[in-house]
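Chemist: 59 is the number that the numbering used here gives to position 76 of the sequence shown; each next residue is one higher, with no gaps. Dropping the structure in here first, questions after.
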Amino acid sequence: MNIKLLLSFLIYPIVSMFGQQTSIEVSMGNQFQNQVYYKLNTEESTTVADIWDIAFLRTSNFEQAIRVNENAEITVFEASNSVDDWNTISVENENNWSKLYNGEERWNDGAFMHGSATYGWGEYDVTTHHIIGSVIFVLKYRNGMYKKLIIEDFFGGYRFRYATLSGNNWIDERVVELSNDNNINHDFNYYSLRNNVEVTTIPEEIDWDFIFTKYNRVENMHPSLEIGVLQNRRIVVAESTSTTTNIETLSFNNEMNSIGYDWKNYENGQYNINSDKVFYIKYPDNTIYRLVFESFSGADFGNIVFNYEDVTQVLNTDDIDEKITIGFYPNPIVNKRITVVYDGREFKRMKMYIYSVQGDILIEKKLSNLSKLKEHHIEMSSLESGMYLLVLETDKGNLTKKIILK
């Protein structure tokens, strides 16, 4: 079965057809001390102080990831790759330690994943199917405080050990077990080593689209702490360089730094907005917002002004391309299984998601065999009857279809 469908957008002229524009000012505070979460379709903003230190991915019993809060300007070092050194770690050796940073494109690429062990921080045990910690880390805070840390175990949750440097001694050693069953509406569980407590004040995943935050950009092995925007993995973003002319192609992607930091620049002692940059934010239901930055105050106040509007009706889609072969059947789905038919020779990358209408990712599949016409069957037996969104992400664009599961 071959079905011809379009994977690129047919874009109409952008003139006075946009709807009502919303202007928003958010503040990260003096020296950008806070993170600000924002959701477009509800116009809701949530400001979160630097109250967490480490984030633990909790969405899978098998996939793990650990991030550091770079907005709090915490530096992560690999101090040793031997657990036997736990009692002899000394900050006198700091110059010999390796600095580690969060990845910039994927949420599951945290600083602790960049250590020297197979899984960054630990090794897989083929007998128990646990990941066992083998790397000792030291966290250095902007106030000069040090904490040593080892993630001891992962299996449906995390067990980690940490202690605080006082003078020349490590004191107040603690062991924490953090279950993946905690905070089921978050992708990560957050923990404060400074306050010895799990943090629960982060907005739920469906309640934010992007975060205004500090994060490290590493280029040619040189890190640079940037003020920018990181996006929720449930949305995709396209960038344009024009606000007034036709846009021939929008290439949406889900890299979390798609908006990033370079919508502004610093010159002659002040920040200027790059007025040529326009961003399009697309929801799983195909709603599209156009966003433009207006001003950035700098470190004294941390104020950022942007405006946005719903342009879904202007940026229309149509099934007109006769060159791209992709199909889905049946729809409605009566046997708890949907079949995707595609010609892999046309793509370099393909990934498929099943979303709830609320925007949660329920099924995620990487499609392989990109060298021939292929059928891929997706089992949906774990899902209840109802409407869902099937999103196909490729290097040529994204395709979203509403599907009904009976």
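Every residue, glycine too, gets a C-beta built ideally from N, C-alpha and C.
(1) Which first and last residues belong to the beta strand (DSSP E) in which H205 is found?
(2) Please report how far the alpha carbon of R89 lies from the alpha carbon of E238, in whole angstroms.
(3) What three-state label does DSSP hand E292 in the structure shown?
(4) So, at 6 Å on beta carbons, what are the nonlocal neighbours of T295 in its own chain, with the 5 sequence-adjacent residues on each side left out?
(5) Roughly how many angstroms separate the alpha carbons of V374 and L382, rounded to a whole number?
(6) Roughly how many angstroms separate the alpha carbons of P186 and N178, rounded to a whole number?
(7) Can you give the beta carbon distance from V220 to N236, rounded, assuming they're within the 8 Å contact cut?
(8) Run through DSSP, which three-state label would F193 get?
(9) Helix, strand or coil, according to DSSP, for V118 in the structure here?
(10) Put Q341 into one of helix, strand or coil per three-state DSSP.
(11) Is the region 33 to 40 in contact with the region 50 to 66, if contact means three or more CB pairs nearer than 8 Å?
(12) State the beta-bridge partners of D67 as determined by DSSP.
(13) Taking the alpha-carbon positions, what's the S207 to E347 distance?
(14) Strictly by DSSP, which residues pair up with R144?
(15) For V19, count the other beta carbons within 10 Å of its own beta carbon; 16 or more makes it buried, fewer makes it exposed. Which is it?
(16) What is the DSSP secondary structure of L(-11), reduced to helix, strand or coil?
(17) Specify, as a first and last residue, the run of the beta strand (DSSP E) that I391 falls within.
(18) Roughly how many angstroms separate the alpha carbons of Y244 and I210, rounded to a whole number?
(19) Helix, strand or coil for Q18, going by three-state DSSP, please let me know.
(20) Under the DSSP definition of a beta bridge, which residues are partnered with K123?
(21) For R273, count neighbouring Cβ atoms within 10 angstroms of its own Cβ and tell me buried if that reaches 16, exposed if not.
(22) Would you decide whether D302 is buried or exposed? Buried here means 16 or more other CB atoms lie within 10 Å of its CB.
(23) Quick check: the Cα distance between Y291 and Y21, rounded to an integer number of angstroms?
(24) Output the distance between the C-alpha atoms of M370 and K319, rounded to the nearest integer angstrom.
(25) Residues bridged to N349 by DSSP?
(26) Is it true that the CB of I119 sits closer than 9 Å to the CB of A62?
(27) Near T227, what residues of its chain come up, given a Cβ to Cβ distance below 6 Å and the 5 sequence neighbours on each side ignored?
(28) Do you know how far the Cα of Y254 is from the Cα of S117?
Modeler: In short, the structure shows the following:
(1) 205 to 214
(2) 6 Å
(3) Three-state DSSP puts E292 in a strand.
(4) T270, I271
(5) 6 Å
(6) Note on geometry: alpha-carbon atoms of P186 and N178 lie some 20 Å from one another.
(7) Your pair V220 and N236 checks out as a contact, with CB atoms roughly 7 Å apart and the cut at 8 Å.
(8) strand
(9) coil
(10) coil
(11) Flag = yes, the region 33 to 40 and the region 50 to 66 touch.
(12) For D67, which the question treats as bridged, DSSP gives no partner whatsoever.
(13) 33 Å
(14) I133, V158
(15) buried
(16) The predicted position of L(-11) is uncertain, since its pLDDT is 30 and thus under 50; a value taken from the coordinates is nonetheless stated next. Note: L(-11) maps to coil in three-state DSSP.
(17) Absent from the structure is residue 391, since the part of the chain shown begins at -16 and ends at 389.
(18) 6 Å
(19) strand
(20) T58, Y129
(21) buried
(22) Low per-residue confidence applies at D302: pLDDT is 36, beneath 50, and the placement is therefore not dependable, though the value from the model is reported in the following sentence. The residue is exposed, with fewer than 16 neighbouring Cβ atoms inside 10 Å.
(23) 12 Å
(24) Our two residues, M370 and K319, have alpha carbons roughly 13 Å apart in a direct line.
(25) It should be pointed out that residue 349 corresponds to Lys in this sequence rather than to Asn. Beta-bridge pairing links K349 to K334.
(26) yes
(27) Note that T227 scores a pLDDT of 41, beneath 50, so its modelled location is shaky and nothing firm can be said.
(28) 44 Å
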